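Asker: The working numbering applies: residue 27 is where the sequence shown begins, and numbers increase by one.
Heads up, the beta-carbon is just placed ideally off N, CA and C, and yes, glycines get one too.
Nothing here was measured: the structure is a model prediction, and the numbers come from that model.
Quick one: the structure is below, questions incoming.
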Amino acid sequence: MPIVIKRILAWGFLAFLIYFMAFRPDGAAQLFRGIGAALMAIAQGLGDFLTGLMS
Numbered sequence: 027m028p029i030v031i032k033r034i035l036a037w038g039f040l041a042f043l044i045y046f047m048a049f050r051p052d053g054a055a056q057l058f059r060g061i062g063a064a065l066m067a068i069a070q071g072l073g074d075f076l077t078g079l080m081s
């Protein structure tokens, strides 16, 4: 993918994020909480897996 398209998509995503946080702060907070919960679940699962390997 050409670098120009990547830059346009990156700036568009950043603009959308700022717009979303400015006009829907509750929705943005809920989205980031969900992402955080998913990352925590992945980390917990990985920890459980590694603990199982060590036992």
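Using only the alpha-carbon positions, how far apart do Arg33 and Phe42 sit?
Answerer: As a first step, residue 33 is located in the sequence shown; it is residue number 7 there, counting from the start. As a first step, residue 42 is located in the sequence shown; it is residue number 16 there, counting from the start. Their Cα atoms are separated by approximately 14 Å.
Asker: I need the boundaries of the alpha helix (DSSP H) containing Arg59, first residue and last residue.
Answerer: Here residue 59 is taken as the residue at index 33 of the sequence shown, counted from 1. 51 to 80 is the span of the alpha helix (DSSP H), which, as asked, contains Arg59.
Asker: Since Ala46 and Ala54 are thought to touch, with beta carbons under 8 Å apart, how far apart are those beta carbons, to the nearest angstrom?
Answerer: The residue you call residue 46 lines up with position 20 of the sequence shown. The residue you call residue 54 lines up with position 28 of the sequence shown. The identity of residue 46 in the sequence shown is Phe, whereas the question assumes Ala. So it is a contact: roughly 5 Å between Cβ atoms.
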